[in-house]
Each structure stands twice: as C-alpha cells, then as structure tokens.
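S.K.: Numbering that gives the first Met the number 0 puts the sequence shown at residues 0 to 364.
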Amino acid sequence: MDFNISLKFEPSQWFLGILAELNERYADWTDGSYDWANQTTDFLHNPVPVPKFDEAIFRTPLSQRAINDLLHVAIAMLAGDYPMVRRYLGETHFAFVIGYPRSGGSYLTKELLRTVGLDHTRVSEALAHDGFPEMRDIWYDWKGDRPYFHLQDSIFQAAEFLVISSLYYRRKTTRHPHGHWLVPKKMHKLTNWGGSFKMLLGQGKADYLVTIRNPLPAAISIAEKSGGMPEDRRFPTGKARSAIEHWVLTDLMMLGHSMAEIAAMDYLDAICRSWSNFHARMATSGLFLGARDEIRIIAYGEQALQEVVRGFRAGHMNKTPPEEVLTHEKAQDYPGWHDRAAASVESMARLWGSLGLAFPELSLA
0 MDFNISLKFE PSQWFLGILA ELNERYADWT DGSYDWANQT TDFLHNPVPV PKFDEAIFRT
60 PLSQRAINDL LHVAIAMLAG DYPMVRRYLG ETHFAFVIGY PRSGGSYLTK ELLRTVGLDH
120 TRVSEALAHD GFPEMRDIWY DWKGDRPYFH LQDSIFQAAE FLVISSLYYR RKTTRHPHGH
180 WLVPKKMHKL TNWGGSFKML LGQGKADYLV TIRNPLPAAI SIAEKSGGMP EDRRFPTGKA
240 RSAIEHWVLT DLMMLGHSMA EIAAMDYLDA ICRSWSNFHA RMATSGLFLG ARDEIRIIAY
300 GEQALQEVVR GFRAGHMNKT PPEEVLTHEK AQDYPGWHDR AAASVESMAR LWGSLGLAFP
360 ELSLA
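#1: What do you get for Ile211, buried or exposed, if any count of 16 or more other CB atoms within 10 angstroms of its CB means buried?
#2: List the residues that DSSP assigns as beta-bridge partners of Asp144.
#3: For Ile137, report the span of its beta strand (DSSP E) as first-last.
#4: Helix, strand or coil for Asp8, going by three-state DSSP, please let me know.
#5: Within the continuous beta strand (DSSP E) that includes Ile296, where are the two ends?
#6: For Trp138, does the count of other Cβ atoms within 10 angstroms reach 16, so buried, or fall short, so exposed?
#7: Assuming the contact rule is C-beta atoms closer than 8 Å, Gln302 and Pro321 should be a hit. Round their C-beta distance to whole Å, please.
#8: Using only the alpha-carbon positions, how far apart do Trp336 and Leu215 sit?
#9: So Ser195 and Gly285 are in contact, right, with Cβ under 8 Å, and what is the actual spacing, rounded?
#10: Compare the beta carbon distance of Lys184 and Val96 with 8 Å and say whether it is the shorter of the two.
#11: Pick out whichever of Arg349, Glu124 and Leu77 has its Cα sitting closest to the Cα of Ile154.
#12: Excluding the five sequence neighbours on either side, which residues of its own chain have a C-beta within less than 7 Å of the C-beta of Tyr167, listed in chain order?
#13: Can the beta-carbon of Asp129 be found closer than 8 Å to that of His187?
#14: If contact is defined by three or more beta carbon pairs under 8 Å, each pair taking one atom from either stretch, is the region 189-205 in contact with the region 112-119?
#15: What would DSSP say about Phe196, mapped onto helix, strand or coil?
#16: Counting along the chain, where does the beta strand (DSSP E) carrying Ile211 start and finish?
#17: Along the chain, where does the alpha helix (DSSP H) containing Gly98 start, and where does it finish?
#18: At a cut of 8 Å, does the region 347-358 reach the region 241-249 through at least three beta carbon pairs?
#19: Pick helix, strand or coil for Asp265, following the three-state DSSP scheme.
#20: Go ahead and label Ala290 buried or exposed: buried means 16 or more other beta carbons lie within 10 angstroms of its beta carbon, across all protein chains shown.
#21: Expressed to the nearest angstrom, what Euclidean distance is found between the alpha-carbon atoms of Phe93 and Glu293?
#22: Could you please give the first and the last residue of the uninterrupted alpha helix (DSSP H) stretch that includes Leu166?
#23: With DSSP collapsed to three states, give me the class of Trp35.
#24: If you follow the alpha helix (DSSP H) that Val344 is in, where does it begin and where does it stop?
#25: Since Leu107 and Leu208 should fall inside the 8 Å C-beta cutoff, what is the C-beta to C-beta distance between them, to a whole number of angstroms?
#26: Report all residues from its chain with a CB closer than 8 Å to the CB of Phe8; omit the five preceding and five following residues, and keep chain order.
#27: With burial defined as no fewer than 16 other Cβ atoms inside 10 Å of the residue's Cβ, what is the status of Arg312: buried or exposed?
#28: Less than 8 Å between the beta carbons of Ile261 and Thr236, yes or no?
#29: Which residues does DSSP pair with Trp180 in a beta bridge?
#30: Report the rounded CA-to-CA distance for Ser225 versus Pro60, giving the unit in angstroms.
#31: Considering only C-alpha positions, which residue in the set Ala75, Gln151 and Leu189 is nearest to Val162?
#32: Throw me the rounded Cβ distance for the Ile270 and Ala217 pair, which I believe falls under 8 Å.
#33: Taking a contact to mean a Cβ-Cβ separation below 8 Å, would you say Asp140 touches Tyr147 in this structure?
#34: Could you check the C-alpha separation between Gln151 and Phe160 for me, to the nearest Å?
#35: How close, in whole Å, do the beta carbons of His179 and Thr91 come, if the pair is a contact with beta carbons under 8 Å?
#36: DSSP three-state call for Arg233: helix, strand or coil?
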C-alpha cells in the first residue's frame with residue numbers, strides 16, 4: 000500500500016506580525032497605544048488588528064533566516080528530534096507565567112519585560128501574552144467551511160513561537176550576566192502540553208511561574224473586566240462579553256454542562272468549576288515533571304508578586320522598583336459566596352495534596 004501525506008504550512012498572522020516588527024515595519028502595531036496588561040480592560044473589547052503584509056517582508060535577510068529556522072524547528076518537532084530544537088535554542092531561557100485569568104499573570108509578565116529593559120506596550124500582545132501559540136487539547140474543529148486539524152497547527156505555532164521569540168529577545172535585549180537571554184511569556188495554555196513542552200525544552204531551560212488566586216475575587220475581577228457583574232449574578236450564556244468569559248463557557252461545555260445548565264448557574268459557580276478544572280489539569284499535565292524547583296507557586300498578592308519581580312531584577316542588576324499590583328476588597332459585598340469559594344479552595348488543596356503537591360493558602364484579595 001502506498002500512502003502519501005502532504006503537509007501545508009502557512010505562517011500564522013502572529014508570527015508574521017512579530018517578524019514585521021523585527022524588520023521595523025508596521026510600527027503602529029506596537030506604538031505604545033495598546034496596553035495588553037491593563038488590569039481593567041479586556042482585549043476582546045479593544046482588538047488590535049494584525050497588520051496586513053506584502054511579499055516584500057519575506058525578502059530581507061532577517062526574514063529569510065527566520066523562515067528557514069522555523070521550517071527546521073517545525074520539522075524537528077514533527078520528527079521528534081528534540082535535541083535539534085534544544086541546540087537551536089541554545090542560551091535562550093524562558094520565564095513562563097501560568098495562571099487562571101485575573102490571577103496576576105499579566106502584571107508579572109509586564110514586570111518581567113521591564114526587567115529586561117522593554118516597555119511592555121511596545122511588545123506585541125502576540126509575543127508576550129497568552130493567545131499565541133494556540134496549543135489546544137482538542138484536535139479537530141471547523142475553520143470557515145472546512146475541517147481544521149488543531150494539533151498540526153499547534154505544533155507549527157509552537158515552533159513559530161520558539162523561533163521568533165529567540166530572535167526577538169536576542170536583538171531587543173542584552174544577555175543576562177549568567178550568559179542567557181531571558182524570554183518572558185504569559186502562557187496559561189502550557190497546561191495543555193505541560194509534560195510535552197518540558198520534555199522538548201529539557202531541564203534548566205525555563206522558570207515556570209504559577210500564579211494562583213482565590214476564585215471569589217477572581218470571579219469579581221473577571222466580571223468587572225467583562226463589563227460588570229450581571230444584575231441577576233448569573234453567568235451570561237449569550238454573546239461572550241470578554242475573552243475570559245468565552246474561555247469559561249468553553250470549559251463548562253467541555254465538562255458536559257448543557258447551555259441550559261450553564262444559564263442557570265450563578266457567576267461564582269461557573270467560575271469555580273472552570274477554576275477547579277484549570278488547577279486540576281495543571282496538577283496532572285506534566286508541568287511538575289523533573290526538578291520541581293523549576294516551578295514557583297505564587298499566591299496572588301502584591302507582596303508575593305513583587306518579590307518575584309525583585310528576584311529577577313536582582314539577577315539582571317536592575318534596581319527599578321516593581322509597579323503597584325491592583326488588589327481589591329470587594330469579596331465582602333458577596334457574603335453568600337464565601338463558603339462556596341472556600342469549599343473550592345479546600346477541595347483543590349486536597350486534590351493537590353493527594354498527588355504530593357502543595358497548594359498555597361489563598362486570601363480574599
């Protein structure tokens with residue numbers, strides 16, 4: 000039997016946008032006007048269109064190198080040649096920020112970028128935030144009017160990220176005193192591929208910074224960033240008000256809840272189930288594979304988050320103080336939700352404990 004497979008690879012718009020930035024074109028994409036780390040505005044309400052490109056962008060020496068590197072890394076990943084990927088990355092060291100929405104991840108990513116001397120508003124959301132690469136746990140979907148294979152696309156996008164981030168930070172930042180280039184990246188989707196990514200990169204190639212927040216203040220913050228707590232305090236099932244609410248809705252559907260069941264949930268119950276799903280999957284994703292000292296668990300709070308920033312800045316000889324963390328004390332406005340939020344935290348602590356993992360104590364901030 001003769002069986003042939005053809006793979007068609009099209010660089011993603013995110014990869015091309017960052018490549019254009021490196022070629023000093025389409026500067027308006029990162030002109031400082033878009034603050035993806037803003038703690039009060041959801042980017043679904045303020046989309047920044049990806050620039051349109053012409054063929055000229057592929058003709059520069061930098062673009063030729065990036066495309067060539069990308070094809071080699073992508074083929075190596077598809078072929079299982081992880082040593083080649085590790086050799087390519089060389090002295091690149093990642094700082095992956097992983098956490099449920101509204102748990103301090105954007106703040107920490109922004110501050111790590113400032114640590115290496117970058118203004119976060121001039122670093123594209125695609126490069127720094129958690130939309131790219133799109134690493135889904137679902138293989139299939141529909142794109143337009145045709146079936147779409149997410150696994151193949153995810154592998155190519157992971158290769159795109161490894162290549163373009165390595166090139167970007169080597170050009171835009173200085174080498175760490177210990178000899179590596181630090182690449183900060185908010186990457187909650189890493190929980191889908193935790194073990195695989197750690198096996199690909201190898202030990203000592205990344206810090207994994209896990210931010211965890213009590214689901215009650217997280218729920219309040221999600222609602223406020225999405226336009227406000229619904230008057231009936233039910234989770235909205237119509238058109239998504241924010242990217243985060245869309246993600247929560249997807250989580251609930253993946254857990255087998257019908258739309259009617261979701262429409263009957265109050266806001267906290269919806270967030271608690273999504274929050275519990277995320278942290279349970281994190282514990283069993285392979286993220287803790289190997290040396291556990293690569294994983295740093297950070298309970299949400301100004302002091303804890305700023306301590307992480309100060310540690311990285313000390314290593315970079317950067318004495319700039321961390322910016323303020325926005326916290327709130329609005330949990331007192333929802334007294335009927337306290338016990339249910341506490342039950343979710345206690346249940347997750349027991350689950351992690353049964354696996355030999357320590358879940359942190361969480362405040363209502």
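Backbone N, C-alpha and C define an ideal beta-carbon position, used for all residues, glycine too.
M.R.: Per the coordinate set shown:
#1: Taking the first residue of the sequence shown as 1, we reach residue 211 at position 212. Buried, since its Cβ has 16 or more Cβ neighbours within 10 Å.
#2: Taking the sequence shown and counting its residues from 1, one reaches residue 144 at position 145. The partner list for Asp144 (beta bridge, DSSP) is empty, contrary to what the question assumes.
#3: Looking up residue 137 in the sequence shown gives position 138. First-last for Ile137: undefined, no H or E at that position.
#4: The residue given as residue 8 occupies position 9 in the sequence shown. As written in the sequence, residue 8 is Phe, which differs from the Asp given in the question. Coil.
#5: To locate residue 296, count along the sequence shown from 1; it is residue 297. Where Ile296 is concerned, the enclosing beta strand (DSSP E) stretches over Ile294 to Ala298.
#6: Indexing the sequence shown from 1 puts residue 138 at position 139. By the neighbour-count rule (16 or more Cβ atoms within 10 Å), Trp138 is not buried but exposed.
#7: Reading the sequence shown from its first residue, position 303 is the one you call residue 302. Reading the sequence shown from its first residue, position 322 is the one you call residue 321. The Cβ separation is near 10 Å, so there is no contact.
#8: Taking the sequence shown and counting its residues from 1, one reaches residue 336 at position 337. Taking the sequence shown and counting its residues from 1, one reaches residue 215 at position 216. Approximately 7 Å, taken between the alpha carbons.
#9: Along the sequence shown, one-based indexing puts residue 195 at 196. Along the sequence shown, one-based indexing puts residue 285 at 286. Right, the Cβ-Cβ distance comes to about 7 Å (below 8 Å), so this counts as a contact.
#10: For the purposes of this step, residue 184 is taken as the residue at position 185 of the sequence shown. For the purposes of this step, residue 96 is taken as the residue at position 97 of the sequence shown. In this structure, the beta-carbon distance from Lys184 to Val96 falls below 8 Å.
#11: Position 155 of the sequence shown, counted from the first residue, corresponds to residue 154. The shortest Cα separation from Ile154 among Arg349, Glu124 and Leu77 belongs to Leu77.
#12: Position 168 of the sequence shown, counted from the first residue, corresponds to residue 167. Excluding sequence neighbours, Tyr167 sits near Ile17, Leu21 and Leu126.
#13: As a working note, residue 129 is residue 130 in the sequence shown. As a working note, residue 187 is residue 188 in the sequence shown. In contact: Asp129 and His187 (Cβ atoms closer than 8 Å).
#14: no
#15: The residue given as residue 196 occupies position 197 in the sequence shown. Reduced to three states, the DSSP call for Phe196 is helix.
#16: Position 212 of the sequence shown, counting from 1, holds the residue named residue 211. In the DSSP annotation of this structure, the continuous segment of the beta strand (DSSP E) that includes Ile211 starts and ends at Ala205 to Ile211.
#17: To locate residue 98, count along the sequence shown from 1; it is residue 99. First-last for Gly98: Thr91 to Gly98, but that is the beta strand (DSSP E), not the alpha helix (DSSP H).
#18: no
#19: Sequence index remark: in the sequence shown, residue 265 carries index 266 (1-based). Strand.
#20: In the sequence shown, counting from the first residue as 1, residue 290 sits at position 291. With fewer than 16 other Cβ atoms within 10 Å, it is exposed.
#21: What you label residue 93 is simply residue 94 of the sequence shown in a count that begins at 1. What you label residue 293 is simply residue 294 of the sequence shown in a count that begins at 1. Their Cα atoms are separated by approximately 11 Å.
#22: For the purposes of this step, residue 166 is identified with residue 167 of the sequence shown, where counting begins at 1. Element bounds for Leu166: His149 to Lys171.
#23: The residue you call residue 35 lines up with position 36 of the sequence shown. Three-state result, Trp35: coil.
#24: Counting from 1 along the sequence shown, the entry for residue 344 is found at position 345. Boundaries of the alpha helix (DSSP H) harbouring Val344: His337 to Ser353, taken from the DSSP string.
#25: Numbered from 1 along the sequence shown, position 108 holds the residue referred to as residue 107. Numbered from 1 along the sequence shown, position 209 holds the residue referred to as residue 208. 6 Å between Cβ atoms; contact.
#26: Position 9 of the sequence shown, counting from 1, holds the residue named residue 8. Excluding residues within five positions, the ones whose Cβ falls inside 8 Å are Leu70, Ala73 and Phe155.
#27: As a working mapping, residue 312 is identified with position 313 in the sequence shown. Counting Cβ neighbours within 10 Å, Arg312 comes out buried, since at least 16 surround it.
#28: Position 262 of the sequence shown holds residue 261. Position 237 of the sequence shown holds residue 236. The Cβ-Cβ distance between Ile261 and Thr236 falls below 8 Å.
#29: Residue 180 sits at position 181 when you count from the first residue of the sequence shown. Answer is Thr91.
#30: Within the sequence shown, numbered from 1, the residue matching residue 225 stands at position 226. Within the sequence shown, numbered from 1, the residue matching residue 60 stands at position 61. Each residue's alpha carbon lies about 43 Å from the other.
#31: Position 163 of the sequence shown holds residue 162. Ranking Ala75, Gln151 and Leu189 by Cα distance to Val162 puts Ala75 first.
#32: Position 271 of the sequence shown holds residue 270. Position 218 of the sequence shown holds residue 217. So it is a contact: roughly 6 Å between Cβ atoms.
#33: Here residue 140 corresponds to residue number 141 of the sequence shown, with the count starting at 1. Here residue 147 corresponds to residue number 148 of the sequence shown, with the count starting at 1. Yes, the pair counts as a contact, with Cβ atoms nearer than the cut-off.
#34: Counted from its first residue, the sequence shown places residue 151 at position 152. Counted from its first residue, the sequence shown places residue 160 at position 161. Phe160 has its alpha-carbon roughly 14 Å from the corresponding atom of Gln151.
#35: The residue you call residue 179 lines up with position 180 of the sequence shown. The residue you call residue 91 lines up with position 92 of the sequence shown. His179 to Thr91, Cβ: 7 Å. Contact.
#36: For the purposes of this step, residue 233 is taken as the residue at position 234 of the sequence shown. Note: Arg233 maps to strand in three-state DSSP.
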